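A.B. asks: In UniProt numbering, the protein residues as written are 1 to 917.
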């Protein structure tokens with residue numbers, strides 16, 4: 001009997017174990033559920049079986065081929081909904097479904113701790129479940145803007161747990177309520193875009209000191225309110241869009257916001273005087289102040305700043321005209337009260353004696369004698385500026401909510417006869433007035449004669465100095481406690497700043513002086529001829545009424561004046577030359593913060609206005625292109641006929657140096673493993689660029705001298721530019737085709753057309769150079785070997801010939817030879833004579849990936865575009881960027897996105913879906 005009982009006990013234990021064990025989600029079943037929930041079905045998908053789901057278009061899995069790590073279904077015209085089972089994809093890192101017509105509930109992502117990127121923009125989702133974003137500890141981007149059918153929802157406090165969050169976008173998403181005060185928990189946040197919602201309340205205090213660079217809060221239905229003082233401590237700000245709200249109070253001193261280039265404050269209730277520090281901000285290029293209640297002088301900005309200030313305000317006079325001294329004094333008085341809107345509306349013009357309410361002047365209407373501000377609901381303090389109204393006789397400030405002390409300057413007014421401050425909340429020392437002054441303090445002002453400590457606690461009466469030992473000890477203890485608290489706060493702030501410095505990659509050192517000149521500005525391009533830059537439009541379709549129609553060229557990074565580039569390259573010293581090409585010389589430079597850059601110096605002596613506009617348009621797009629295996633274009637500078645491009649620096653130099661000059665440079669020859677890894681990196685980079693290709697596309701000067709290597713010997717494609725048809729049929733000035741291996745392609749020699757298949761040919765040539773260690777064209781060898789492609793294709797006729805043609809430094813074993821044969825075969829296919837016989841770059845990636853995986857587990861996620869649709873044409877991508885950032889690109893008043901001269905209505909080359917992949 002013992003045996004059956006033991007068996008039963010084991011079965012019960014097994015059942016209990018299964019019940020208590022976490023259920024392993026079947027990712028394939030979830031993807032099938034997704035397939036059943038959407039239409040049309042993506043190519044290659046099934047609604048009935050999950051066989052091979054990891055290879056379905058848009059699905060990426062981990063190395064086990066069991067867990068989904070990314071879903072990318074951008075711009076597929078999908079209808080339907082996202083199934084709730086997505087919440088069980090425990091390894092999911094990226095979800096990209098923007099630009100579709102999906103509806104229904106957004107699925108809960110709660111506790112998906114691997115999830116880093118969520119793109120839900122431009123859909124028709126209807127609700128956001130409570131707790132949807134709870135526990136997303138790895139989240140970096142949450143982008144769900146332009147979902148206008150969402151039921152009203154509030155930004156959740158749960159996002160405070162997403163400490164790595166960098167981008168939060170929920171514009172036009174029916175968000176209501178206040179902005180949660182969670183920014184102290186989000187040290188990595190750089191972009192906060194919440195335009196066109198129904199947010200109310202004040203700006204959270206925790207925004208101060210945050211790393212936010214782009215702050216979009218414009219066009220709230222009812223309007224955010226309160227003061228905007230928090231901006232003064234947001235020192236990383238680059239762009240702040242606060243227009244069309246209900247913000248009040250003065251513009252803060254933004255002297256520490258040295259990087260801000262775009263400040264939109266129009267259509268609010270802002271009051272007070274425009275601070276001088278705003279006018280002199282070094283990076284400022286766009287500012288709008290119209291339709292507020294600003295006072296004082298009408299500010300005059302430098303010519304480099306595009307100003308929108310033609311709407312209603314309460315300036316004292318025309319631009320450049322000073323305010324009357326008494327007007328300045330009374331505005332300082334209003335400053336003590338916080339520049340209330342009521343006084344801004346009443347005190348307009350440049351003559352305080354010309355019918356200003358609450359102001360009475362002498363018979364000659366020259367000097368203010370009576371100020372009557374009783375029962376105005378005033379808050380704040382009594383300004384010492386009252387003491388400058390030397391003819392003042394009577395001052396009525398009674399029945400308000402004033403705090404603080406009565407300034408001593410009032411006791412020195414020679415003609416003062418009456419001062420009524422009753423029914424306020426004044427405190428502090430009671431000043432002594434002459435006997436000729438009737439001084440009324442009661443009723444009210446219970447604390448007058450009592451000093452108020454910084455913490456708000458009353459001290460002793462009279463002069464405010466302590467008189468008893470108990471009071472003295474208490475004060476001493478408070479001081480000690482205050483010092484301790486201040487020290488703790490200081491250390492905490494210091495630790496936070498050190499953390500920020502470690503986390504943030506500041507691309508360029510600060511430039512306080514010098515000509516900022518003709519340079520690319522942060523997220524904008526300055527016109528190289530007249531310093532003009534367009535102002536940003538509202539984040540709205542141009543068809544919506546009430547939009548300004550102003551547009552901005554969004555595309556740059558920090559401004560880099562020519563003086564800075566000269567300084568960091570030691571005046572373009574020959575010792576700093578790291579490369580030479582047909583279009584210029586490349587110099588190494590190091591910015592003030594230690595960041596190393598590559599500066600390409602070019603000259604276009606015949607470039608006219610159109611050429612410069614196209615050049616700027618190209619830069620605007622290319623600075624948006626980001627990929628792990630593309631060298632980032634960081635900015636540009638124009639200096640007369642010179643055009644300087646600034647790239648990220650790759651410390652290990654070029655592939656060509658490692659292939660052909662390794663001995664002269666004291667380098668070690670590349671191993672086969674390194675060569676295949678580099679080839680895969682290049683293929684992935686070019687494949688990504690091809691994914692953007694249609695009417696205009698991004699073309700590479702693809703050869704070893706333009707394949708750069710980083711510290712880890714990972715490769716990035718450099719020197720890529722836009723290719724477009726000019727109206728006269730010739731290539732535009734920036735195509736940069738002279739040195740590309742693509743010119744070896746037969747069809748290029750016959751028709752001059754640049755296609756993706758030309759790029760594939762060039763890639764095949766690079767592979768041959770990696771295999772043989774020989775240059776594509778070499779006049780130092782016999783004629784039959786001088787043309788590498790012709791010679792190596794003859795080698796490929798017999799597999800046995802390949803080992804004899806290899807680079808002598810490889811010395812491959814049998815296992816390595818197997819992968820060499822596969823790469824050699826790929827090189828042959830890529831250099832086929834007819835374009836249709838060549839594969840696309842996606843095929844090259846598929847061939848090379850398994851070879852690299854032999855040595856290193858490859859993370860498929862690292863190549864994700866994170867929201868950029870791989871099926872999107874470059875014009876579509878450009879329009880998408882513009883839609884994301886609420887701007888269009890304009891040159892000479894012509895929209896780049898619609899320019900027929902820049903983007904032809906018909907494709908330059910015919911591309912298929914296979915080309916794009």
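Beta carbons are placed, not taken as given, at the ideal position from N, Cα and C, and that holds for glycine. Computed from a prediction, not measured in an experiment: that's the story for all the values here.
From the DSSP output, in three-state form, read off residue 361 for me.
C.D. replies: strand
A.B. asks: Helix, strand or coil for residue 715 per DSSP?
C.D. replies: Look at residue 715 here: in three-state DSSP terms it is strand.
A.B. asks: With DSSP collapsed to three states, give me the class of residue 45.
C.D. replies: coil
A.B. asks: Given a cut-off of 8 Å, decide if residue 793 and residue 755 are closer than it, judged by their beta-carbon atoms.
C.D. replies: no
A.B. asks: Write down every uninterrupted run of the beta strand (DSSP E) in the stretch 249-334 whose length is 3 residues or greater and which is fully enclosed by it, in chain order.
C.D. replies: 262-264, 269-273, 286-288, 293-295 and 306-308
A.B. asks: In the DSSP assignment, what are the bridge partners of residue 563?
C.D. replies: DSSP, once it has assigned bridges, lists no residue as partnering residue 563.
A.B. asks: Report yes if the C-beta distance between residue 773 and residue 809 is below 8 Å; otherwise report no.
C.D. replies: yes
A.B. asks: Within 10 angstroms of its Cβ, does residue 707 collect 16 or more other Cβ (buried), or is it exposed?
C.D. replies: By the neighbour-count rule (16 or more Cβ atoms within 10 Å), residue 707 is buried.
A.B. asks: What does DSSP give as the partner residues of residue 132 in its beta bridges?
C.D. replies: Note: residue 132 sits in no beta bridge, so no partner.
A.B. asks: Nearest by alpha-carbon distance to residue 105: which of 119, 80, 91 and 90 is it?
C.D. replies: 80
A.B. asks: Which residues bound the alpha helix (DSSP H) around residue 353?
C.D. replies: Note, residue 353: premise wrong, no alpha helix (DSSP H); not H, not E.
A.B. asks: Checking the sheet assignment: what are the DSSP bridge partners for residue 51?
C.D. replies: None; residue 51 has no bridge partner.
A.B. asks: Helix, strand or coil: how does DSSP classify residue 116 here?
C.D. replies: coil
A.B. asks: Compare the Cα-Cα distances from residue 87 to each of 42, 71, 703 and 648 and report the closest residue.
C.D. replies: 71
A.B. asks: Provide the residue(s) that pair with residue 101 in DSSP beta bridges, ordered along the chain.
C.D. replies: DSSP, once it has assigned bridges, lists 79 as partnering residue 101.
A.B. asks: In angstroms with no decimal places, state the Cα-to-Cα distance between residue 840 and residue 766.
C.D. replies: 15 Å
A.B. asks: Buried or exposed for residue 235, going by 16 or more other Cβ atoms inside 10 Å?
C.D. replies: Counting every other CB atom within 10 Å of its CB across the protein chains shown gives residue 235 a total of 16 or more, marking it as buried.
A.B. asks: Quick one: residues in its chain with C-beta nearer than 6 Å to the C-beta of residue 123, no 5 flanking neighbours on either side, listed in chain order?
C.D. replies: 100, 102 and 147
A.B. asks: Roughly how many angstroms separate the alpha carbons of residue 60 and residue 53, rounded to a whole number?
C.D. replies: 9 Å
A.B. asks: From what residue to what residue does the alpha helix (DSSP H) around residue 793 run?
C.D. replies: 788-795
A.B. asks: Which two residues bound the contiguous beta strand (DSSP E) that contains residue 396?
C.D. replies: Counting along the chain, the beta strand (DSSP E) containing residue 396 begins and ends at 394-396.
A.B. asks: When we look at the beta-carbon of residue 854 and count the other beta-carbons within 10 Å, is it buried (16 or more) or exposed?
C.D. replies: exposed
A.B. asks: In terms of DSSP beta bridges, what is residue 934 paired with?
C.D. replies: Lying before the first or after the last residue shown, residue 934 is absent from the chain, which here runs from 1 to 917.
A.B. asks: Could you tell me the alpha carbon to alpha carbon distance between residue 205 and residue 228, rounded to whole angstroms?
C.D. replies: Rounded to the nearest angstrom, the two C-alpha atoms are 10 Å apart.
A.B. asks: What residue range is occupied by the uninterrupted beta strand (DSSP E) comprising residue 707?
C.D. replies: 707-709
A.B. asks: Leaving out five residues on either side along the sequence, give the residues of the same chain with a beta carbon under 7 Å from the beta carbon of residue 824.
C.D. replies: 771, 796 and 802
A.B. asks: Quick one: what's got a C-beta closer than 7 Å to residue 350's C-beta in the same chain, skipping five residues either side?
C.D. replies: 316, 317, 323, 324 and 327
A.B. asks: From residue 923 to residue 685, what does the alpha carbon distance come to, in whole angstroms?
C.D. replies: Limits of the chain in this structure are 1 at one end and 917 at the other, which puts residue 923 out of reach.
A.B. asks: Evaluate the contact criterion for the stretch 267-274 versus the stretch 248-257: three or more CB pairs, one atom per stretch, below 8 Å.
C.D. replies: yes
A.B. asks: If we ignore side chains and look at the alpha-carbon of each, how far apart do residue 415 and residue 357 end up?
C.D. replies: 21 Å
A.B. asks: Check the C-beta distance from residue 298 over to residue 319 and give it rounded, since I have them as a contact under 8 Å.
C.D. replies: 4 Å
A.B. asks: State buried or exposed for residue 213, treating a residue as buried only when at least 16 other CB atoms are found within 10 Å of its CB.
C.D. replies: Counting the other CB atoms within 10 Å of its CB gives residue 213 a total of 16 or more, which places it among the buried residues.
A.B. asks: Could you have a look at residue 853 and say whether DSSP puts it in helix, strand or coil?
C.D. replies: Looking at residue 853 - three-state DSSP - the assignment turns out to be helix.
A.B. asks: Which residues in the same chain as residue 572 place their Cβ atom closer than 7 Å to its Cβ, once the five residues preceding and following it in sequence are excluded?
C.D. replies: Excluding sequence positions up to five before and after residue 572, its CB lies within less than 7 Å of the CB of 566, 587 and 601, all in the same chain and listed in chain order.
A.B. asks: In angstroms, rounded to a whole number, what distance separates the CA positions of residue 665 and residue 141?
C.D. replies: 43 Å
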